[in-house]
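Below: the structure, in structure tokens.
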Amino acid sequence: MTTIIGIPLENRIEESIKLQEILSKYGCSIKTRIGLHDMGDYKCLNYGIVLIEVVNNINEIYDSLAKHWKIQSMKF
Numbered sequence: 068m069t070t071i072i073g074i075p076l077e078n079r080i081e082e083s084i085k086l087q088e089i090l091s092k093y094g095c096s097i098k099t100r101i102g103l104h105d106m107g108d109y110k111c112l113n114y115g116i117v118l119i120e121v122v123n124n125i126n127e128i129y130d131s132l133a134k135h136w137k138i139q140s141m142k143f
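Heads up: the sequence shown begins at 68 in our numbering, then just goes up one per residue.
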């Protein structure tokens, strides 16, 4: 079973360090990672979302991320 977790970042500059620490800790359990940020009038805005495809340790990763962000997940 595959799980996709969406992590919304309200302040990418400040939150990216903590997010990277968590994702690196579980790097072998994350198959895919996609970062999307919003563009307003052709300039990069400071909020976005990161999508990860998790194949192992799903509950542990979810719990670690949920301590810091309002995340959502979908199972396939």
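All C-beta atoms, glycine included, are put in the ideal place defined by N, C-alpha and C.
Pair within 9 Å by beta-carbon distance, Pro75 and Gly107: no
When the distance is taken between beta carbons, is Glu120 closer than 9 Å to Thr69? yes
N-terminal and C-terminal residue of the alpha helix (DSSP H) that Lys92 is part of: 79-92
What does the alpha-carbon distance come out to for the pair Gln87 and Met141? 21 Å
Where Ile119 sits in the DSSP three-state scheme: strand
Look up Asp108 in the DSSP assignment and say whether it is helix, strand or coil. coil
For Trp136, which residues of its own chain have a beta-carbon under 7 Å away from its beta-carbon, when the five flanking residues on both sides are left out? Ile74, Pro75
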